[in-house]
Amino acid sequence: EGAVELHADWNGREAVMAMVHPVSSFILAACIRDMPYLMSARTLERSRILMLPAVDLRVAIRREPELASAVMSELADGYRDMVRQAKNVKLRTARERVAAWLLGQAHRQGQTNSFLLPVEKRHLASYLGMTPESLSRALASLKAEGIAMDGARVIITDRDRLAATAVYDPLIDNPGEGL
């Protein structure tokens, strides 16, 4: 239970790479390969995390075909999430990324038109590949495209207009995945 932020640091800069929510895993590839993990993790809220020793996990994978299959599925999902995120950052404008993320978040919370941002704006900005200032500008510009903001509360006032701005693409967007 809880939430884990995966982040990377380099040369004095930091970027949010992914958010992990139950039920999911992280550092699985590093455990299987017995190599250093390429990101760091920190909890964003009170969390309960199960840790398995990597050596024990590798032994269990070799012995249990069903576990090996589940691990392959988890790794495949993680790979697809990272490719979608890379495509989102590289192929969309900041405004399109924010609009798409807002629609995805509304979907993840039950197709609601009003929800609280699940993370601080600076974390969301980093996840979406932009500065906090760029996120603020994008949110302000989206007010004309179907959203209103009340602090950390997002209110979708025109879903169709917001969707047109996001330019939904099933090869980038998957409402069940992401932050």
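Each number in the working numbering comes from the position in the sequence shown (counting from 1) with 835 added on. Here a beta-carbon is modelled for each residue, glycine too, at the ideal position from N, C-alpha and C.
The beta-bridge partner set that DSSP reports for Phe950 consists of Val989.
For the set Asp1008, His958, Thr947, Met965, the Cα lying nearest the Cα of Thr992 is the one of Thr947. Remark: three or more beta-carbon pairs, one from each stretch, lie closer than 8 Å, so the segment 982-996 and the segment 938-952 are flagged as touching. In the DSSP assignment, Val839 falls within the unbroken beta strand (DSSP E) covering 839-845. Just so you know, the alpha carbons of Ser971 and Val933 end up roughly 10 Å apart. In the three-state scheme derived from DSSP, where H, G and I count as helix and E and B as strand, Val1002 is classed as coil. Sequence-distant Cβ neighbours of Met886 in its own chain, meaning closer than 8 Å and more than five residues away, do not exist here.
A contact between stretches requires three or more CB pairs, one per stretch, nearer than 8 Å, and the segment 1003-1010 meets this requirement with the segment 920-930.
Straight across, the Cα-Cα distance linking Met854 with Arg957 is about 14 Å. Closest option to His942, judged by alpha-carbon separation, among Val851, Ala850, Asn1009: Asn1009. Rounded to the nearest angstrom, the Cβ distance from Met874 to Met852 is 5 Å, consistent with a contact under 8 Å.
Taking Thr878 as reference, the option from Leu963, Ala960, Met870, His842 with the minimal CA-CA separation is His842. Between Asp844 and Ile896, the alpha-carbon positions lie close to 31 Å from each other. When the five nearest sequence neighbours on each side are left out, the beta carbons in the same chain lying within less than 7 Å of the beta carbon of Phe861 are those of Val839, Leu841, Val855, Ala876, in order along the chain.
Met852 carries a strand assignment under DSSP once its states are collapsed to helix, strand and coil.
Around the beta carbon of Asn923, 16 or more other beta carbons lie within 10 angstroms, which makes this residue buried.
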